[in-house]
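The block underneath contains the structure these notes are about, expressed in structure tokens.
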Amino acid sequence: MSKLLPILGFVLVTSLIIWFAVQLSQPATWSPEERQLLASLSLSSLQKLPADPSNHIADDLRAAKFGQQLFFDTRFSINGAVACATCHQPERRFADGLIRGVAIGQTDRNTPSVVGGAYSPWQYWDGRKDSQWSQALAPLEHPMEQGGNRLYYLRLVASFYKSTYEAIFGALPDLSDTNRFPLHAGPVDNADWRSNWLAMDTADQQTINRAFANLGKALAAYERRLLPGPSKFDDFVDSLGTKSVIFNAEEQAGLKLFIGKANCIQCHNGPLLTNHEFHNTGVETAPSELPDKGRIQGVRDVNLDEFNCRSTYADTAGHCAELQFARTGPELIGTMRTPSLRNLKNTEPYMHKGQLPTLIDVLRHYNEAPTAIIGHNEAKPLNLTLTELSQLEAFLHTLDAPIAAEDEWLTQPDLPQ
Amino acid sequence: MKYLLTLLLLSLTISLTHASDIAEVWTSKRIQISYQSALQPIAINKMHHWIIEIKTLDGLAVEDANVQVTGGMPAHNHGLPTSPQVTEHLGEGRYRVEGMRFHMNGQWEIRISVKRDGLDELVTIPLVL
């Protein structure tokens, strides 16, 4: 009997290990309600790319190609060394992997990805722009980004892209009279350029603004083609009900948490895993900085923006439902736009100031839901275990996928010399 | 055959009448409100409009009132993602409310304030998405 005991013990322990292994490898079961939620998150549910009525050339192939050239052309910066692609790098899902963007100087916030931006009514963390084309104009004139001014850029277009521009938009303004059109002018953060701009005729300013807006529209025609491709998660959801389950137990558990008790799906909903809205989740202020006002400032800015949907430069004829019904009020203090969770790989650090270095830091943050410094944190503590946080992280990585655009759109095109 | 057809028509009429009868109504002390969403079923993240119908409790249409629409998720302590507005008075107590959008699934409350000479009412409509 005493000889049998170790054998019995061995058999018992082995059986237990096998039993646990079998349990772990069992696919999770999904209720009809859960399946419905999962389907709502799949790229298969993504509606067709929405039209941009404010940009009449949004879907013009020539404009997209011109926009791609502008996107990668470093001559379109005051120091000749910075382009959109400096911070929006194709190999990093059109973000940069830095705490904050670094162009001519350091920017104020973490660089958001361009991918899928065409689906959002608002651009930037605080939504201070209401179209991709009006957003694309701002870095060109921001002193810490591309640092130039609209007259400077239109002269570059005249030097390198005149025929391309004119084939799409018609005649480029004649800028040869430097009394009317100074070499440098724009309503920008530079006293000389600003005073040159203010000295110009209103009609000439409008001519320049219209041509400058066209550069944004070409850039947007390119950017709107950058969309997320199907991921392991989408394959998993689309194969539910068949035998080809491709998630491991940890990923399935993470997904259960995501749509269940971790509450992620409250804001990260729909096929892009974002509701495109603004939320205060109590993210800590960046070191040595005042708290970021977020959307409460963004909604003021977008209403005053010279290139917003209501402006004469938008092709919308005044149909601007998003702006018309945009909400304001103290509830927006410290709120930021929900980012998509597709393609988190290579885009750390996270949050609007890049405060959190890794995904697990982000998950820990939501698990604790600290009190907000300004405004109020909408999230509640989750009390998840470390194992559950790891499961969520495993699930989030199943959302990584290549961008759904042909290779020709993901590299620098030939630039005219 | 005729008998069958009559029976079919009768049952259809009854079901249609019944459908209009059961349009849900929410009340305050003095008014009642029903609504019809242009988006059926209501889904998250889609801007759409509602037609609301406002009547006194004894069934008289409330015309030309100042109507404000707000709302939110009580459990989350936040409001609607938009500021809906009444954009048209359609007559017979009906008003067009544009800019409706919900950005989360869960329990919502739509609060409709109705003001007109001497009338100052607030009706709360619960909604689960």
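Chain order of the listed sequences is E and B.
Everything in the first sequence is counted per our numbering, starting at 205 for the first residue and increasing by one.
Everything in the second sequence is counted per our numbering, starting at 1369 for the first residue and increasing by one.
Just so you know, even glycine gets a beta-carbon here, dropped at the ideal spot from N, CA and C.
Give the secondary structure of residue i by DSSP, where H, G and I count as helix, E and B as strand, and everything else as coil.
{"i": "F298 of chain E", "result": "coil"}
{"i": "T551 of chain E", "result": "coil"}
{"i": "E1392 of chain B", "result": "coil"}
{"i": "E1456 of chain B", "result": "strand"}
{"i": "N571 of chain E", "result": "helix"}
{"i": "K333 of chain E", "result": "strand"}
{"i": "I1382 of chain B", "result": "Because I1382 of chain B carries a pLDDT of 46, less than 50, the predicted location of this residue cannot be relied on, and the following value inherits that uncertainty. Looking at I1382 of chain B - three-state DSSP - the assignment turns out to be helix."}
{"i": "P234 of chain E", "result": "Sequence check: residue 234 of chain E is Trp here, not Pro. Here W234 of chain E sits in coil by DSSP."}
{"i": "V1496 of chain B", "result": "strand"}
{"i": "D565 of chain E", "result": "helix"}
{"i": "L1487 of chain B", "result": "strand"}
{"i": "A1387 of chain B", "result": "Unreliable placement is indicated for A1387 of chain B, whose pLDDT of 42 sits below 50; no coordinate value is reported for it."}
{"i": "H292 of chain E", "result": "coil"}
{"i": "V226 of chain E", "result": "For V226 of chain E, the predicted model reports a pLDDT of 47, less than 50, meaning its position is unreliable; a value from the coordinates is still stated below. The answer is helix: DSSP assigns V226 of chain E an H, G or I state."}
{"i": "T615 of chain E", "result": "coil"}
{"i": "Q1404 of chain B", "result": "strand"}
{"i": "Q1436 of chain B", "result": "strand"}
{"i": "I463 of chain E", "result": "helix"}
{"i": "E1421 of chain B", "result": "strand"}
Take residue i as the anchor and find which of the options has the nearest alpha-carbon.
{"i": "E295 of chain E", "options": "E:L548, E:D408, E:K584 and E:Q559", "result": "E:L548"}
{"i": "G271 of chain E", "options": "E:G352, E:F416, E:G445 and E:C471", "result": "E:F416"}
{"i": "E526 of chain E", "options": "B:R1462, B:W1394 and B:Q1453", "result": "B:Q1453"}
{"i": "M540 of chain E", "options": "E:V503, E:I564 and E:E510", "result": "E:V503"}
{"i": "H480 of chain E", "options": "B:T1450, B:K1397, B:Q1408 and B:S1396", "result": "B:T1450"}
{"i": "I261 of chain E", "options": "E:E370, E:N394 and E:D381", "result": "E:E370"}
{"i": "P553 of chain E", "options": "E:E238, E:T278, E:S317 and E:A232", "result": "E:S317"}
{"i": "V506 of chain E", "options": "E:Q528, E:T311 and E:L302", "result": "E:Q528"}
{"i": "T615 of chain E", "options": "E:A268, E:L250, E:Q293 and E:L253", "result": "E:Q293"}
{"i": "T278 of chain E", "options": "E:T591, E:T233 and E:I308", "result": "E:I308"}
{"i": "P620 of chain E", "options": "E:E427, E:K269 and E:S235", "result": "E:K269"}
{"i": "L590 of chain E", "options": "E:P606, E:L461, E:D408 and E:V361", "result": "E:L461"}
{"i": "A1391 of chain B", "options": "B:G1486, B:I1420 and B:M1415", "result": "B:I1420"}
{"i": "Y328 of chain E", "options": "E:D405, E:A573 and E:P543", "result": "E:P543"}
{"i": "H1444 of chain B", "options": "E:D604, E:A609, E:D611 and E:E535", "result": "E:E535"}
Please state if the CB of residue j and the CB of residue i are separated by a distance shorter than 8 Å.
{"i": "L358 of chain E", "j": "P343 of chain E", "result": "no"}
{"i": "N259 of chain E", "j": "D519 of chain E", "result": "yes"}
{"i": "E582 of chain E", "j": "N484 of chain E", "result": "yes"}
{"i": "R1484 of chain B", "j": "D1426 of chain B", "result": "no"}
{"i": "V1430 of chain B", "j": "I1410 of chain B", "result": "no"}
{"i": "S443 of chain E", "j": "Q350 of chain E", "result": "no"}
{"i": "L588 of chain E", "j": "D438 of chain E", "result": "no"}
{"i": "A287 of chain E", "j": "F298 of chain E", "result": "no"}
{"i": "R531 of chain E", "j": "G320 of chain E", "result": "no"}
{"i": "M1472 of chain B", "j": "I1412 of chain B", "result": "yes"}
{"i": "S435 of chain E", "j": "T562 of chain E", "result": "no"}
{"i": "D396 of chain E", "j": "G498 of chain E", "result": "no"}
{"i": "C513 of chain E", "j": "D334 of chain E", "result": "yes"}
{"i": "D256 of chain E", "j": "A424 of chain E", "result": "yes"}
{"i": "V1491 of chain B", "j": "T1395 of chain B", "result": "yes"}
{"i": "G458 of chain E", "j": "A340 of chain E", "result": "no"}
{"i": "Q1475 of chain B", "j": "M1441 of chain B", "result": "yes"}
{"i": "I1401 of chain B", "j": "V1437 of chain B", "result": "no"}
{"i": "E431 of chain E", "j": "I607 of chain E", "result": "It should be noted that the sequence gives Leu, not Glu, for residue 431 of chain E. A contact, by the Cβ cut-off of 8 Å."}
{"i": "I577 of chain E", "j": "P495 of chain E", "result": "yes"}
{"i": "G474 of chain E", "j": "I537 of chain E", "result": "no"}
{"i": "F599 of chain E", "j": "E510 of chain E", "result": "no"}
{"i": "A422 of chain E", "j": "L274 of chain E", "result": "yes"}
{"i": "L567 of chain E", "j": "L596 of chain E", "result": "yes"}
{"i": "P347 of chain E", "j": "D393 of chain E", "result": "yes"}
{"i": "G305 of chain E", "j": "N550 of chain E", "result": "no"}
So with CB distances below 9 Å, who are the chain E contacts of residue i?
{"i": "E1466 of chain B", "result": "A525, Q528 and F529"}
Interface residues of chain E around residue i at Cβ under 8 Å?
{"i": "S1451 of chain B", "result": "F529, A530, R531 and T532"}
What residues from chain B crowd round residue i, counting only those whose CB sits closer than 9 Å?
{"i": "N473 of chain E", "result": "I1412, N1413, H1471, M1472 and N1473"}
Name the chain B residues whose beta carbon is nearer than 8 Å to that of residue i?
{"i": "E582 of chain E", "result": "H1444, N1445 and H1446"}
{"i": "N479 of chain E", "result": "I1412, N1413, P1449, H1471 and M1472"}
{"i": "E684 of chain E", "result": "This structure gives no information on residue 684 of chain E, because the portion of chain E shown stretches from 205 to 621."}
{"i": "Q456 of chain E", "result": "Going along chain B, no residue has its Cβ under 8 Å from Q456 of chain E, so there is no contact; the nearest lies around 21 Å."}
{"i": "Q470 of chain E", "result": "H1444, M1472, N1473 and G1474"}
Within the segment 468 to 517 of chain E, ranges of the alpha helix (DSSP H) (whole runs, at least 4 residues): For the segment 468 to 517 of chain E, whole alpha helix (DSSP H) runs of length 4 or above, ordered along the chain, are 499 to 508.
So within the segment 396 to 440 of chain E, which uninterrupted beta strand (DSSP E) runs reach at least 3 residues, ignoring any that extend past its ends? Whole beta strand (DSSP E) segments, 3+ residues: zero.
Segments of 4+ residues assigned as alpha helix (DSSP H) that fall wholly inside the segment 333 to 391 of chain E: The qualifying runs are 336 to 345, 354 to 364 and 366 to 373.
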